[in-house]
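Engineer:
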Amino acid sequence: MASIHSTSGLEGIRRRFFPTPFQSLLSLLSLALLVTIGWKLLDWAFLSAVFSAEGGPEACRAAAGACWSVIANRWRIIMFGLYPYEEQWRSALACAVVVVMVVLSCLPAFWTGKRIALVWGLGTTLFYFLLKGGVLGLNRVGEEAWGGLALTLFIFVSTCLIGFPLSIVLALLRRSQLPWISRTTGLIIDCVRSLPLVSILFAFAVVVPFMLPGWLQSDKLYRVVFGSALFFAAYQAEIIRGGLQGVPRGQEEAAMSLGIGYWHRISRILLPQAMRNALPATINQFVIAFKETSLVIVVGFFEILASGNAAYGTGQWTFAYVEVYAFIALIYFVFVFSLSRYGAFLERRMAVGER
Amino acid sequence: MPSSRPTQAEPAIRIENVTKHYGSFLALRNINLSVARGEKIVVCGPSGSGKSTMIRCINRLEEHDGGRIFVLGTELNDDVGNIDEIRREVGMVFQHFNLFPHMTVLENCVLAPMLVRGISRSEAEATAKRYLEKVRIPEQASKFPGQLSGGQQQRVAIARALCMQPQIMLFDEPTSALDPEMISEVLDVMVTLASEGMTMVCVTHEMGFARRVADRVIFMDRGEIIEEAPPEEFFSAPKNERTQQFLSQVQTH
Ligand SMILES: Nc1ncnc2c1ncn2[C@@H]1O[C@H](COP(=O)(O)OP(=O)(O)OP(=O)(O)O)[C@@H](O)[C@H]1O
Ligand SMILES: [Mg+2]
Chain A
53 MASIHSTSGL EGIRRRFFPT PFQSLLSLLS LALLVTIGWK LLDWAFLSAV
103 FSAEGGPEAC RAAAGACWSV IANRWRIIMF GLYPYEEQWR SALACAVVVV
153 MVVLSCLPAF WTGKRIALVW GLGTTLFYFL LKGGVLGLNR VGEEAWGGLA
203 LTLFIFVSTC LIGFPLSIVL ALLRRSQLPW ISRTTGLIID CVRSLPLVSI
253 LFAFAVVVPF MLPGWLQSDK LYRVVFGSAL FFAAYQAEII RGGLQGVPRG
303 QEEAAMSLGI GYWHRISRIL LPQAMRNALP ATINQFVIAF KETSLVIVVG
353 FFEILASGNA AYGTGQWTFA YVEVYAFIAL IYFVFVFSLS RYGAFLERRM
403 AVGER
Chain B
3 MPSSRPTQAE PAIRIENVTK HYGSFLALRN INLSVARGEK IVVCGPSGSG
53 KSTMIRCINR LEEHDGGRIF VLGTELNDDV GNIDEIRREV GMVFQHFNLF
103 PHMTVLENCV LAPMLVRGIS RSEAEATAKR YLEKVRIPEQ ASKFPGQLSG
153 GQQQRVAIAR ALCMQPQIML FDEPTSALDP EMISEVLDVM VTLASEGMTM
203 VCVTHEMGFA RRVADRVIFM DRGEIIEEAP PEEFFSAPKN ERTQQFLSQV
253 QTH
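In order, the protein sequence lines correspond to chains A and B.
According to our numbering, the first sequence holds residues 53 to 407 in order.
According to our numbering, the second sequence holds residues 3 to 255 in order.
(1) Rounded to whole angstroms, what is the Cα-Cα separation between Leu249/B and Met222/B?
(2) If I follow the unbroken alpha helix (DSSP H) through Tyr274/A, where does it start and stop?
(3) Using Cβ-Cβ distances below 9 Å, what residues of the stretch 79-93 of chain B are close to chain A?
(4) By how many angstroms is the C-alpha of Lys184/A removed from the C-alpha of Gly194/A?
(5) Let me know if Ile168/A comes out buried or exposed under the rule of 16 or more other beta-carbons within 10 Å of its beta-carbon.
(6) CB-CB under 8 Å to Ile380/A, same chain, minus the five flanking residues each way: which ones, in chain order?
(7) Pull up the distance between the alpha-carbon of Ala38/B and that of Ile85/B, whole angstroms please.
(8) Run down chain B in chain order and give the residues with a C-beta less than 7 Å from the C-beta of Met153/A.
(9) By the DSSP assignment, the beta strand (DSSP E) with Asp95/A in it spans what residues?
(10) If we call anything under 8 Å between Cβ atoms a contact, is Val73/B one with Ile57/B?
(11) Let me check one thing: in DSSP terms, what residues is Tyr24/B bridge-paired to?
(12) Touch check for the stretch 309-329 of chain A and the stretch 236-253 of chain A: three-plus C-beta pairs under 8 Å?
(13) Tell me whether the beta-carbon of Gly215/A lies closer than 8 Å to the beta-carbon of Ala285/A.
(14) From this set, Cys119/A, Gly107/A, Leu331/A and Trp91/A, which residue's C-alpha is nearest Ala101/A's C-alpha?
(15) Per DSSP, which residues does Ala231/B bridge with? Please list them.
(16) Whole angstroms is fine: what's the gap from Gly107/A's alpha carbon to Asn125/A's?
(17) Unbroken beta strand (DSSP E) runs of length 3 or more, entirely within the stretch 156-188 of chain A: which are they?
(18) Mind checking the stretch 306-322 of chain A against chain B and listing, in chain order, the residues whose C-beta falls within less than 7 Å of any C-beta there?
(19) Any beta carbon of chain A sitting closer than 8 Å to that of His207/B?
(20) Name the chain A residues whose beta carbon is nearer than 7 Å to that of Asn100/B?
(21) How would you call Gly173/B, buried or exposed, if buried means at least 16 neighbouring beta carbons within 10 angstroms?
(22) Which residues in chain B have a C-beta closer than 7 Å to the C-beta of Pro324/A? List them in chain order.
(23) Exposed or buried, which one is Leu89/B when buried takes at least 16 other CB atoms within 10 Å?
(24) Can you tell me whether DSSP reads Val413/A as helix, strand or coil?
(25) On the three-state DSSP scale, how would you describe Ser309/A?
(26) Here's a check: name, in chain order, each residue in its chain whose Cβ is nearer than 6 Å to the Cβ of Ala126/B, leaving out the five neighbours to either side.
(27) Identify the contact partners of Arg328/A in chain B, using a Cβ-Cβ distance below 8 Å as the criterion.
(28) Examine ligand 2 and report whether any of its heavy atoms sits within less than 7 Å of the Cβ of Glu226/B.
(29) Ala143/B touches chain A at which residues, Cβ-Cβ below 7 Å?
(30) Only counting the same chain, and skipping five residues up and downstream in sequence, which positions put a Cβ closer than 6 Å to that of Ala97/A?
(31) Among Leu156/A, Ser219/A and Ala116/A, whose alpha-carbon lies nearest the alpha-carbon of Phe278/A?
(32) Can you tell me which of the three DSSP states Thr204/A falls into?
(33) For a test of the three-state rule: what should DSSP assign to Ser36/B, helix, strand or coil?
(34) Does any heavy atom of ligand 1 sit closer than 7 Å to the C-beta of Phe248/B?
(35) Along the chain, where does the alpha helix (DSSP H) containing Phe146/B start, and where does it finish?
(36) In whole angstroms, give me the CA-to-CA distance for Ser228/A and Gly152/B.
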């Protein structure tokens with residue numbers, strides 16, 4: 053049995069990659085290319101690489117491979133930006149809090165209103181006061197000093213936390229019976245979507261302060277976060293609207309005929325089904341939002357990418373930018389990849405009651 | 003509960019001179035109908051004659067634009083801020099079941115009683131189990147609607163409506179989306195319900211059901227009620243020409 057299996061496997065390979073002499077040649081060449089590239093990469097990344105922090109830039113210059121010692125030397129700048137050195141444990145802890153909070157709220161066991169509210173309420177408060185300090189004997193660290201991974205996570209999480217509910221509100225307003233409400237909402241959504249995110253961030257950072265009365269002017273960071281949340285909401289609102297359109301009209305009618313009121317119809321009947329329809333596009337939107345956090349660099353924030361620039365940008369490490377970017381790419385990858393795997397898990401789980 | 007409890011004399015449903023437009027199209031013209039408590043009405047008529055529109059006006063899924071409708075003594079008009087209070091007394095069963103696909107059968111049944119009537123989960127589940135038993139599918143309680151046959155889904159839909167313990171039940175062609183072998187299982191449930199004294203308005207072309215259950219059969223055409231009679235009379239001696247034509251079509255196939 054096993055031999056039949058393996059020959060048929062070999063047979064499959066033969067048929068797919070070596071059907072004619074010419075195609076066999078192409079296959080061999082591609083294989084050779086892949087092996088060479090793979091080997092070069094392996095050699096660069098591991099075999100000839102410098103890992104230890106001790107030798108400094110000189111050890112790297114001597115070696116042929118990657119200079120991971122730049123990470124070992126400068127990881128604190130990449131991860132924490134300009135956050136005061138002796139307080140950086142707080143920034144690290146804050147990141148851990150966000151990760152725990154996100155992981156917890158991804159577990160089906162936490163999907164009740166009370167538990168989610170508890171997790172997020174506690175999590176965000178903890179995150180905020182860890183970073184900001186000023187309570188319980190923690191030194192106060194102003195928003196302008198936040199940076200690195202903690203800032204990236206802060207912007208991402210608060211963009212989603214503000215943007216997601218806002219998107220639901222916008223989507224509901226957009227399908228309002230009253231034409232002036234639905235049209236105005238549609239206009240707002242379309243306007244926000246026709247602007248590039250960079251210009252929105254810039255407007256909220258630089259222009260808005262001139263228009264707001266003094267008591268409404270918060271720190272630049274919060275204005276920027278709000279701008280980015282608005283941008284997120286405009287796109288996500290259209291995704292949710294699409295999801296709502298996919299729910300048959302009979303669903304709302306059935307709920308109405310049972311005497312279920314507007315808010316319960318929305319929250320218990322329409323939105324759960326709309327979100328299921330909209331899930332793939334929604335996950336996509338979260339991924340985009342995560343990557344777009346790096347745009348805050350244009351208004352002078354040092355999120356992880358900007359901190360990375362700073363990490364190699366100062367004199368002695370300038371040659372090691374590839375390694376720094378590879379490291380940051382790995383961090384992005386870990387977050388974004390888990391996000392999309394989680395999306396796939398959700399889709400499978402939600403498919404249970406389908407058909 | 004509607005604040006003015008109807009007296010025994012007050013009919014369950016009273017429709018007076020009701021008209022309804024879709025744009026400039028007149029879907030209902032001058033409908034008059036009174037349904038006493040405990041009475042069973044069967045509505046039939048050709049496609050597009052306004053049967054669904056009329057029955058949907060009774061729980062205000064459609065708004066009429068002329069005449070008056072009273073349900074359990076309360077008039078349906080723009081002032082009914084409490085339309086939900088009337089809807090909870092008026093159950094409805096749809097042609098395409100309209101079960102909530104993201105909830106189990108049991109969840110479908112307990113949702114409205116818990117949200118609308120404020121009943122505790124344990125009590126709502128006990129009621130739901132009782133009605134699921136009544137429609138003869140207690141063993142499907144933990145399944146999702148998509149895992150059931152059409153006939154089973156429609157029986158769940160009936161149980162879901164009954165869980166609100168309504169005083170009136172509306173049926174809009176409950177069996178026309180079903181395969182022939184499933185029709186009787188749904189009709190049997192409806193017959194039982196009728197025998198227990200429920201006030202019912204059924205749009206259906208199941209003439210056997212009409213003969214067995216109806217107190218009155220109503221024939222609609224082009225937005226009007228053109229004939230109204232007890233079943234024996236309706237089937238043996240239809241007065242209107244269009245009714246005769248319709249009956250000959252329905253009964254031959
Ligand atoms: N939402 C709507 N907008 C416009 N016209 C409508 C709408 N709903 C129904 N109509 C029209 O009103 C008329 C009556 O429709 P209704 O659904 O009440 O008929 P019906 O008797 O239930 O027919 P069927 O047996 O096919 O269900 C039809 O001509 C239909 O085209
Ligand atoms: Mg109809």
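Beta carbons are placed, not taken as given, at the ideal position from N, Cα and C, and that holds for glycine.
Structural biologist: So, to answer that:
(1) Answer to the nearest angstrom: the Cα atoms are 12 Å apart.
(2) Membership of Tyr274/A in the alpha helix (DSSP H) is indicated by the continuous run Lys272 to Gln297.
(3) Result list: Ile85, Asp86, Glu87, Ile88, Arg89, Arg90, Glu91, Val92 and Gly93.
(4) Between Gly194/A and Lys184/A, the C-alpha separation is close to 6 Å.
(5) Classification for Ile168/A: exposed.
(6) A distance below 8 Å between beta-carbons, with the five flanking residues on each side excluded, links Ile380/A to the following residues of its chain, in chain order: Ile130, Ile356, Leu357 and Gly360.
(7) In this structure, the CA atom of Ala38/B is about 21 Å from the CA atom of Ile85/B.
(8) Residues of chain B passing the Cβ test: none, with the nearest at roughly 26 Å.
(9) Taken as a continuous stretch (DSSP letters only), Asp95/A belongs to no beta strand (DSSP E), as it is neither H nor E.
(10) For Val73/B and Ile57/B, no; Cβs fall outside 8 Å.
(11) Note: Tyr24/B sits in a beta bridge opposite Phe27/B.
(12) Between the stretch 309-329 of chain A and the stretch 236-253 of chain A, the count of Cβ pairs shorter than 8 Å is below three; the stretches do not touch.
(13) Yes, the pair counts as a contact, with Cβ atoms nearer than the cut-off.
(14) Comparing alpha-carbon positions, the option among Cys119/A, Gly107/A, Leu331/A and Trp91/A lying closest to Ala101/A turns out to be Cys119/A.
(15) According to DSSP, which records beta bridges pairwise, Ala231/B is partnered with Val219/B.
(16) Cα-Cα distance, rounded: 10 Å.
(17) Whole beta strand (DSSP E) segments, 3+ residues: zero.
(18) Those residues of the stretch 306-322 of chain A that come within reach of chain B (Cβ to Cβ, closer than 7 Å) are Ala306, Met308, Ser309, Leu310, Gly311, Ile312, Gly313, His316, Arg320 and Ile321.
(19) By this cut-off, His207/B is not an interface position.
(20) Listed along chain A are Gly302, Gln303, Glu305 and Ala306, each with a C-beta nearer than 7 Å to that of Asn100/B.
(21) Per the sequence shown, the amino acid found at residue 173/B is Phe instead of Gly. Counting other Cβ atoms within 10 Å of its Cβ, Phe173/B reaches 16 or more and is therefore classed as buried.
(22) For Pro324/A, the C-beta contacts it makes with chain B under 7 Å involve His104, in order along the chain.
(23) The question names Leu, but residue 89/B in the sequence shown is Arg. Around the beta carbon of Arg89/B, 16 or more other beta carbons sit within 10 angstroms, so the residue counts as buried.
(24) Summary: the structure shown does not reach residue 413/A, with chain A confined to residues 53 through 407, and so no result is reported for it.
(25) In this structure, DSSP gives Ser309/A a helical state, which the three-state scheme calls helix.
(26) In its chain, beyond the 5 residues on either side, Val112, Pro115 and Met116 have a beta carbon closer than 6 Å to the beta carbon of Ala126/B.
(27) Simply His104.
(28) No.
(29) Scanning chain A for C-beta atoms nearer than 7 Å to the C-beta of Ala143/B yields nothing, as the closest lies near 14 Å away.
(30) Around Ala97/A: Ala118.
(31) The shortest Cα separation from Phe278/A among Leu156/A, Ser219/A and Ala116/A belongs to Ser219/A.
(32) Helix, per DSSP.
(33) If DSSP states are grouped into helix, strand and coil, Ser36/B belongs with the strands.
(34) Outside the cutoff, so no.
(35) No alpha helix (DSSP H) holds Phe146/B; DSSP gives it neither H nor E.
(36) Taking the Cα positions, Ser228/A is about 33 Å away from Gly152/B.
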